[in-house]
Amino acid sequence: MRKKADLVFSLVVLLLAGWMVWQARAWQLTASLFPFTVGIPAIALALLQCGFALRRLRQPEPAAGQGQTVYQGAAADAVASAIESAYGVESEAAQALELDPAVARRRTLEISAWIVAFAVGVLLLGFRLGAFLLPLLFLKFAAREGWRSSILLGLVTYVLFYGIFVAGLHLVLPPGQIADSLGLDSFDSYAVDPLLRLLGGH
Amino acid sequence: MDTILQASLTGLLEVFAWPAFGLMLLAIVVGFFVGIIPFVSIPMTLALMLPFTFGMKPVEAFAFLLGMLSISIIFSDITSIIFGVPGEPVTAAIILDGHPMAKLGQTGRALGAAFMSSLIGSIIGAVVLAASVPVVRPIALSFGAPEFFGMALLGILFIAALSGGNTTKGVLMGLMGLMLSMVGMDPQSGTQRFTLGMIELYDGLGLIPVTVGLFGVAELVDLWLKQKSIAEVAVGRIGGVWQGCKDTFVHIGLTLRCSFLGAFLGIIPGLGGAIAQWLAYAHAVQSSKDKSQFGKGDVRGVIGPGATMNAKEGGNLITTVAFGVPSTVTMAILLGAFLIQGVVPGPDMLTKNLDLTMSFVWIVILSHVIGIGLCFLLINQMVKITEIRSSLLLPAILLLALLGGFADKSSLFDMLTAVGAGFVGLAMVRLDWPRPPLILGLVLGRIAENNFFIAYTRYGVSFVLRPVLIGIIVVGIVLLLAPTFQKMLGRRAGVRQELLLAEEG
């Protein structure tokens with residue numbers, strides 16, 4: 169599965185590099201010189217990588233303990249471990265925890281879905297309301313916290329978010345598609361702004 | 006020399022000015038969280054913090070980013086020693102003796118030794134950075150556009166060659182990073198390149214959304230895999246920290262040697278902290294007469310890596326600042342901050358912007374002094390943070406990543422780009438495709454193309470025959486072929502050994 173995915177990724181890189189070079193042929197020399205200079209070696213390397221991936225795909229699966237890179241000497245060993253830990257060749261968290269691959273896969277899918285949900289949530293609700301509602305939903309349904317702690321942590325996130333980015337850095341944040349389509353300001357502002365005015369004595 | 010001293014003084018005053026100093030203090034707090042909570046990595050946090058440096062002056066931005074970067078290593082020593090779990094991958098070596106010391110009831114002593122050796126290391130690293138300016142300046146000033154183009158390529162090759170043993174993937178990702186840097190308007194002719202007619206891409210593919218995605222969003226998966234807190238049991242009161250400080254001075258020779266080793270290793274591009282710490286540990290063992298206690302709780306096994314890891318940052322900055330060649334992934338991301346601030350690494354950093362370079366020296370030193378001071382005073386309160394579960398932090402980090410993507414140009418398109426880059430980053434991690442060369446290509450792309458264009462216009466194709474550029478190309482080729490030769494030699498040695506064994510059999 170992983171080998172197939174590696175081949176697919178290599179092919180995507182090849183297609184992308186190929187498309188970029190193909191696009192560059194229509195431009196004048198000043199614009200196309202660098203894309204050609206970089207793109208042609210990229211295509212060559214992508215082809216090579218596809219070849220490697222294809223060869224690995226045809227090789228039988230090695231038995232346990234075989235087929236792993238053998239590093240010679242302590243220095244090389246240190247280099248190898250350093251690279252793996254520094255650049256995240258393998259997921260360190262998964263390795264450190266020695267998670268069951270099925271559990272790791274399920275959790276990866278879970279969090280991927282939540283990342284998309286957060287992005288969609290921000291698009292629809294805006295950052296401000298999202299800063300309260302999205303952590304609350306995540307903590308309740310993904311982290312399985314109780315309602316009380318989910319609401320409390322959601323509020324803490326909102327207060328920190330509002331304090332730092334809205335009040336402190338004066339970032340202008342979009343109200344979200346829903347409020348926007350109704351011609352309204354961010355939904356939270358109807359509760360928070362009067363409260364702040366009250367506290368500010370205005 | 007007068008210019009350097011003058012710039013040092015200006016740099017110091019700029020760091021102490023408000024809000025730069027306040028931002029450095031904030032960076033220490035952020036660095037504390039990053040260091041002490043495993044799986045919240047330095048590159049990830051650096052990427053997340055990058056968008057918020059917009060609107061800051063260069064000194065302020067670097068007081069924040071560099072302060073956080075340099076301090077988080079010290080804080081990660083805390084979890085390495087107390088729990089045997091490295092707060093950052095670069096502090097794994099300190100576990101070998103630090104954690105056994107904790108088991109022997111010498112937690113405070115191990116922490117004291119780690120803090121003090123880190124402080125000495127950081128000061129030496131920063132001094133090496135300052136002292137290197139008169140040495141590096143004539144070299145950088147002698148470089149022209151062809152050489153800087155070569156250095157940009159060499160930087161990518163260095164990072165690519167050390168990318169998980171797969172050089173082809175590393176170089177390919179570096180080249181793809183360069184290709185992606187061309188998205189948007191061509192600075193020479195005004196041609197729109199690879200924009201697909203989308204107005205959002207006319208300014209180019211945002212460096213920040215891509216960095217936030219590749220190093221922020223993708224890392225969230227690992228954060229979710231670790232759903233527990235690091236502290237399985239409550240940590241008892243920590244004492245004996247001053248004893249560890251005294252140990253550092255008892256072994257001052259080792260501390261100084263490892264500090265200089267770190268500064269030197271930091272200069273060599275591609276030799277990351279994860280390698281340096283092991284070399285320092287090996288030196289601590291080799292240079293000791295009595296090796297029997299190493300691995301069982303010898304304080305020298307803590308002092309060596311502690312000093313090296315913190316001295317390394319000063320060395321790392323030399324090549325990043327003078328040539329735009331970052332040694333590590335964190336430096337590659339920091340290089341992005343240079344571009345955001347409109348500061349071009351290279352000769353300008355050693356002449357026109359020398360006070361900024363010298364401010365780096367002070368930021369490294371001051372953040373260490375303040376951070377370690379806090380460690381001494383508040384260590385017992387600080388370890389309580391390890392009881393927080395990672396799942397509670399995740400929604401806030403995810404929101405921060407999305408906002409980071411958005412904040413650059415106030416663009417929801419960029420926010421979605423960050424999410425997209427996050428999934429690409431996740432696939433790359435899972436399939437062993439290195440991310441650092443891709444981001445470095447994207448960072449260096451505009452500089453490389455600009456220098457390439459100037460070199461081509463001025464010298465034609467013959468610019469590749471300039472001696473320094475040839476030297477750079479040769480170094481690049483050697484670097485790329487070295488792992489292959491190493492493997493071949495290793496294989497040949499293995500075959501010879503098998504034959505000898507067969508003969509003996």
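Those protein sequence lines, which keep their order, are chains A and B. Per the numbering used here, residue 169 is the first one in the first sequence, and the count goes up by one each step. Per the numbering used here, residue 6 is the first one in the second sequence, and the count goes up by one each step. All C-beta atoms, glycine included, are put in the ideal place defined by N, C-alpha and C. Here the structure is a predicted model, which is why all the values come from computation and not from measurement.
Could you tell me whether the Cβ of residue 193 of chain A comes closer than 9 Å to any Cβ of chain B?
Your numbering for residue 193 of chain A matches position 25 in the first sequence. Not an interface residue.
Per-residue burial, residue 277 of chain A [other beta carbons within 10 Å of its own, 16 or more giving buried]:
The residue you call residue 277 of chain A lines up with position 109 of the first sequence. Under this definition residue 277 of chain A is an exposed residue.
Among B/22, B/159, B/260, B/130, whose alpha-carbon lies nearest the alpha-carbon of residue 66 of chain B?
Here the question's residue 66 of chain B lines up with position 61 in the second sequence. Minimum Cα distance to residue 66 of chain B is reached at B/22.
Which residues in the same chain have their Cβ closer than 8 Å to the Cβ of residue 196 of chain B, if we skip the five residues on either side of it in sequence?
For the purposes of this step, residue 196 of chain B is identified with residue 191 of the second sequence, where counting begins at 1. 190, listed in sequence order.
Which residues, in chain order, does the region 196-230 of chain A contribute to contact with chain B at a C-beta distance below 8 Å?
The region 196-230 of chain A vs chain B, Cβ under 8 Å: 196, 198, 199, 201, 202, 203, 205, 206, 207, 209, 210, 213, 214, 216, 217, 220.
Closest to residue 340 of chain B by C-alpha separation, out of B/116, B/212, B/201, would be which residue?
For the purposes of this step, residue 340 of chain B is identified with residue 335 of the second sequence, where counting begins at 1. Looking at the Cα atoms, B/212 is the closest of the given residues.
Quick one: measure Cβ to Cβ for residue 102 of chain B and residue 307 of chain B, integer angstroms, because I've assumed they're closer than 8 Å.
Translated into positions along the second sequence, residue 102 of chain B becomes position 97. Translated into positions along the second sequence, residue 307 of chain B becomes position 302. Yes, they are in contact, since the Cβ atoms of residue 102 of chain B and residue 307 of chain B sit about 5 Å apart, within 8 Å.
Can you pull the chain A residues whose beta carbon is under 8 Å from the beta carbon of residue 454 of chain B, in chain order?
Your numbering for residue 454 of chain B matches position 449 in the second sequence. Simply 202.
Span separating the alpha-carbon of residue 402 of chain B from that of residue 329 of chain A
By 1-based counting over the second sequence, the position of residue 402 of chain B is 397. By 1-based counting over the first sequence, the position of residue 329 of chain A is 161. Distance between the alpha carbons of residue 402 of chain B and residue 329 of chain A is about 11 Å.
For the region 339-363 of chain B, which residues have a CB atom closer than 7 Å to at least one CB atom of chain A, in sequence order?
Within the region 339-363 of chain B, no residue has a Cβ that lies closer than 7 Å to any Cβ of chain A.
Might you give, ordered along the chain, the residues of its own chain that have their beta carbon closer than 7 Å to the beta carbon of residue 310 of chain A, omitting 5 neighbours on each side?
One-based indexing of the first sequence puts residue 310 of chain A at position 142. Cβ within range, chain order: 278, 282.
Let me know if residue 358 of chain A comes out buried or exposed under the rule of 16 or more other beta-carbons within 10 Å of its beta-carbon.
The residue given as residue 358 of chain A occupies position 190 in the first sequence. Its Cβ having fewer than 16 others within 10 Å, residue 358 of chain A is exposed.
Leaving out the 5 sequence neighbours to the left and right, which residues in its chain are closer than 6 Å to residue 453 of chain B when beta-carbon positions are compared?
To locate residue 453 of chain B, count along the second sequence from 1; it is residue 448. If we look at residue 453 of chain B and ignore the five residues flanking it on each side, its Cβ neighbours are 154, 157.
Counting pairs of beta carbons, one from the region 316-324 of chain B and one from the region 122-138 of chain B, are three or more of them closer than 8 Å?
Yes: the two stretches touch, three or more of their Cβ pairs being nearer than 8 Å.
Tell me the residue span of the alpha helix (DSSP H) that contains residue 217 of chain A.
Reading the first sequence from its first residue, position 49 is the one you call residue 217 of chain A. 197-226 is the extent of the alpha helix (DSSP H) around residue 217 of chain A.
Beta-carbon separation of residue 29 of chain B and residue 59 of chain B under 9 Å?
The residue labelled residue 29 of chain B in the question sits at position 24 within the second sequence. The residue labelled residue 59 of chain B in the question sits at position 54 within the second sequence. Not closer than 9 Å, so no.
Rounded to whole angstroms, how far is the Cβ of residue 511 of chain B from the Cβ of residue 222 of chain B, which I believe are closer than 8 Å?
The question about residue 511 of chain B has no answer here: the residues shown for chain B are numbered 6 through 510.
With a cut-off of 9 Å, does the C-beta of residue 174 of chain A fall near any C-beta of chain B?
Start at 1 with the first residue of the first sequence, and residue 174 of chain A comes out as number 6. Yes, because at least one Cβ of chain B sits closer than 9 Å to the Cβ of residue 174 of chain A.
Straight-line CA distance for residue 394 of chain B to residue 361 of chain B?
Position 389 of the second sequence, counted from the first residue, corresponds to residue 394 of chain B. Position 356 of the second sequence, counted from the first residue, corresponds to residue 361 of chain B. CA-CA distance, residue 394 of chain B to residue 361 of chain B, rounds to 39 Å.
Label residue 333 of chain B either buried or exposed according to how many other C-beta atoms from any shown protein chain fall within 10 Å of its C-beta, with 16 as the threshold for buried.
Position 328 of the second sequence, counted from the start, is the residue given in the question as residue 333 of chain B. When all chains shown are included, residue 333 of chain B counts as buried.
Taking all protein chains shown into account, decide if residue 261 of chain A is buried (16 or more other Cβ within 10 angstroms of its Cβ) or exposed.
Your numbering for residue 261 of chain A matches position 93 in the first sequence. Because residue 261 of chain A sits at a pLDDT of 47, beneath the cut-off of 50, its placement in the model cannot be relied upon, and the following sentence gives the value as read from the coordinates. Classification for residue 261 of chain A: buried.
Straight-line gap, residue 371 of chain B to residue 351 of chain B (C-alpha atoms, nearest Å):
Taking the first residue of the second sequence as position 1, residue 371 of chain B is located at position 366. Taking the first residue of the second sequence as position 1, residue 351 of chain B is located at position 346. Those two C-alpha atoms are separated by around 25 Å.
To the nearest whole angstrom, what separates the beta carbons of residue 177 of chain B and residue 214 of chain A, a pair I think is in contact under 8 Å?
Position 172 of the second sequence, counting from 1, holds the residue named residue 177 of chain B. Position 46 of the first sequence, counting from 1, holds the residue named residue 214 of chain A. Correct: roughly 6 Å between the Cβ atoms.
Residue 171 of chain B: buried (16+ other C-beta within 10 angstroms of its C-beta) or exposed?
For the purposes of this step, residue 171 of chain B is identified with residue 166 of the second sequence, where counting begins at 1. With 16 or more other Cβ atoms within 10 Å, it is buried.
For residue 189 of chain A, report the span of its alpha helix (DSSP H) as first-last.
Along the first sequence, read from residue 1 onward, the residue named residue 189 of chain A stands at position 21. Segment 170-192, the alpha helix (DSSP H) holding residue 189 of chain A.
What span of residues does the alpha helix (DSSP H) with residue 248 of chain B cover, start to end?
For the purposes of this step, residue 248 of chain B is identified with residue 243 of the second sequence, where counting begins at 1. Here the alpha helix (DSSP H) through residue 248 of chain B covers 246-255.
List, in chain order, every chain A residue whose beta-carbon is nearer than 9 Å to that of residue 75 of chain B.
Here residue 75 of chain B corresponds to residue number 70 of the second sequence, with the count starting at 1. The contacting residues do not exist; residue 75 of chain B stays about 17 Å from chain A at best.
Where residue 233 of chain A falls: helix, strand or coil (DSSP)
If you number the first sequence from 1, residue 233 of chain A lands on position 65. The predicted model places residue 233 of chain A with a pLDDT of 47, which falls under 50 and marks its position as unreliable; any figure quoted below should be read in that light. Coil at residue 233 of chain A, not helix or strand.
Verify whether the separation of the beta carbon atoms of residue 409 of chain B and residue 55 of chain B is less than 9 Å.
The sequence position of residue 409 of chain B within the second sequence is 404, counting from 1. The sequence position of residue 55 of chain B within the second sequence is 50, counting from 1. Yes.
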